[in-house]
Amino acid sequence: MILERQETRDMAFISDQQEARLLFDRKLGDMRPKLHRYCARMAGSAVDGEDIVQEALIKAVEAYGRTPIDNAESWLFRIAHNAAMDFLRRRRRQEAVHSEEDPESAVDETASAVSRHAAAAALRTFMHLPVAQRGVVILMDVLGYSLREVGDITGLTIPAVKAALHRGRGRLRELADNSGERPALDDADLDRLAAYADRFNAHDFDAVRNMLADDVALELVSRTRMSGRKEVSRYFGNYAGINDWKLIPGLVDGRPALLVFNPGMPQAPPSYFVTIEWEGGHIKGIRDFRHARYAAECAEMTSPIYRRKLDEPS
Numbered sequence: 165m166i167l168e169r170q171e172t173r174d175m176a177f178i179s180d181q182q183e184a185r186l187l188f189d190r191k192l193g194d195m196r197p198k199l200h201r202y203c204a205r206m207a208g209s210a211v212d213g214e215d216i217v218q219e220a221l222i223k224a225v226e227a228y229g230r231t232p233i234d235n236a237e238s239w240l241f242r243i244a245h246n247a248a249m250d251f252l253r254r255r256r257r258q259e260a261v262h263s264e265e266d267p268e269s270a271v272d273e274t275a276s277a278v279s280r281h282a283a284a285a286a287l288r289t290f291m292h293l294p295v296a297q298r299g300v301v302i303l304m305d306v307l308g309y310s311l312r313e314v315g316d317i318t319g320l321t322i323p324a325v326k327a328a329l330h331r332g333r334g335r336l337r338e339l340a341d342n343s344g345e346r347p348a349l350d351d352a353d354l355d356r357l358a359a360y361a362d363r364f365n366a367h368d369f370d371a372v373r374n375m376l377a378d379d380v381a382l383e384l385v386s387r388t389r390m391s392g393r394k395e396v397s398r399y400f401g402n403y404a405g406i407n408d409w410k411l412i413p414g415l416v417d418g419r420p421a422l423l424v425f426n427p428g429m430p431q432a433p434p435s436y437f438v439t440i441e442w443e444g445g446h447i448k449g450i451r452d453f454r455h456a457r458y459a460a461e462c463a464e465m466t467s468p469i470y471r472r473k474l475d476e477p478s
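Residue numbers for the sequence shown follow our numbering, beginning at 165 and rising by one.
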């Protein structure tokens, strides 16, 4: 009888653990777009932001169960913030992490006009801010966290948060009317992307497969990964059965990419994008953001030819 009661308690404990893990996994999925908004702005790129998010989620899964979690959202943002800092160090673009404290700096936590300005700023604009200012402005003006929450996430004192916010907002205002020249798609990139897009749009997937390297790798972001020409070839069959896409060569945060439009909504912006990596004239890597459309919400996507292309018959 005692053994039966112990077994019942053990089963209940396992059930509670399983339910807690399911809730945790659901929280990770729900938080992913918000984490990306932060990481993309920290990195100045929607694509790099996704790399940071993936690294942060892996670290969160590894850390789960090792320590009590009082506030899952703050805990996840601390991990994402640290992952972003690691990324920036690896990329050797680290700027000053800590601003000098300035207790006299006045901070209006409800400065709606400033917040709207920060939220609308292009990703690459944030790269002009020192890291501490960048993180604080994004967390407060883009994501809406309080001073105390920003301090908990970044590890800065409240006076340091205020100082970084004050200076970061001022710098963004200075940059607002001085965006500089926009990057352009060079002829070589345009020709390669156009060749891929033309075949893809014509549903000539055999011709697209012929462009693949033998060791090609595919990432369907937030869904699956494939490797090798044979396995990746299955990916194109999925597109054959749907008609809500048309590929147009363009730029995503200054990088060559394929912008994906919905032909049924010609005035709408791109729904998502696909990046292609080339090697020796063949496709070495494909990264498709169809199932991670949150990345397109903050990416700077441009194409000089998309209006003309959308008017052409498929």
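Glycine is no exception: its CB is placed at the ideal position from the N, C-alpha and C atoms.
Based on DSSP bridge pairs, tell me the residues matched to residue i.
i, result
"ALA421", "GLY414"
"GLY449", "ALA381, GLU441"
"TYR436", "VAL424"
"THR289", "Per DSSP, none; premise fails for THR289."
"LEU376", "ILE447"
"SER391", "ALA381"
"MET249", "MET249 is not bridged to any residue."
"MET465", "VAL416"
Sorted by chain position, which residues of the same chain lie with C-beta nearer than 7 Å to residue i's C-beta, five sequence neighbours on each side aside?
i, result
"TRP239", "ILE233"
"ALA361", "LEU411, ILE412, PRO413, LEU422"
"MET195", "GLU237, LEU240"
"ALA404", "HIS367, PHE369"
"SER209", "LEU287, ASP417"
"ARG257", "Confidence at ARG257 is low in this model, with a pLDDT of 43, below 50, so its placement is unreliable and no value can be given for it."
"TRP442", "ARG356, LYS448"
"GLU273", "Note that GLU273 has pLDDT 49, beneath the 50 cutoff, so the model's placement of it is unreliable and the number below is only indicative. Excluding residues within five positions, the ones whose Cβ falls inside 7 Å are SER310, LEU311."
Apart from the five residues on each side of it in sequence, which residues of its chain come closer than 6 Å, Cβ to Cβ, to residue i?
i, result
"PHE453", "VAL385, TYR436, PHE437, ALA459"
"VAL261", "With a pLDDT of only 39 at VAL261, under 50, the local geometry of the prediction cannot be trusted, and the value read off the model is given with reservation. Correct list, in chain order: VAL295, ALA296."
"TYR399", "LEU382"
"ARG242", "ILE317"
"GLN218", "none"
"ASN402", "none"
"ALA359", "none"
"LEU354", "PRO413"
"VAL314", "VAL300, LEU303, MET304, VAL325"
Is residue i near the ligand SAM, judged by its Cβ being under 7 Å from some heavy atom?
i, result
"ILE440", "The ligand SAM is absent from the structure shown, which contains no ligands of any kind."
Do residue j and residue i count as a contact pair if the criterion is CB distance below 8 Å?
i, j, result
"SER296", "ALA328", "Inspection of the sequence shows that residue 296 is occupied by Ala rather than by Ser. It is a contact, given that the beta carbons lie within the stated cut-off."
"LEU293", "ARG335", "yes"
"LEU192", "ALA244", "no"
"ASP417", "LEU287", "yes"
"LEU357", "ILE440", "yes"
"VAL301", "VAL325", "no"
"GLY213", "ALA220", "no"
"PRO420", "LEU311", "no"
"PHE251", "ILE216", "yes"
"ARG363", "ALA371", "yes"
"ARG373", "SER397", "yes"
"ARG389", "HIS455", "no"
"CYS462", "ARG253", "no"
Going along the chain, which residues of its own chain have a beta-carbon closer than 8 Å to the beta-carbon of residue i, five neighbours each way excluded?
i, result
"HIS446", "MET375, LEU376, ALA377, VAL380"
"ASN426", "ASP408, TRP409, LYS410, ALA432, SER435"
"VAL225", "LEU192"
"PRO197", "TYR458, GLU461"
"GLN181", "none"
"ARG185", "TYR228"
Pick out the complete alpha helix (DSSP H) segments inside the region 310-356, 4 residues or longer, and give them in chain order.
311-318, 322-340
The region 222-230 touching the region 300-318, judged by at least three CB pairs closer than 8 Å
no
Contained alpha helix (DSSP H) runs [length at least 4] in the region 169-237, N- to C-terminal order:
210-227
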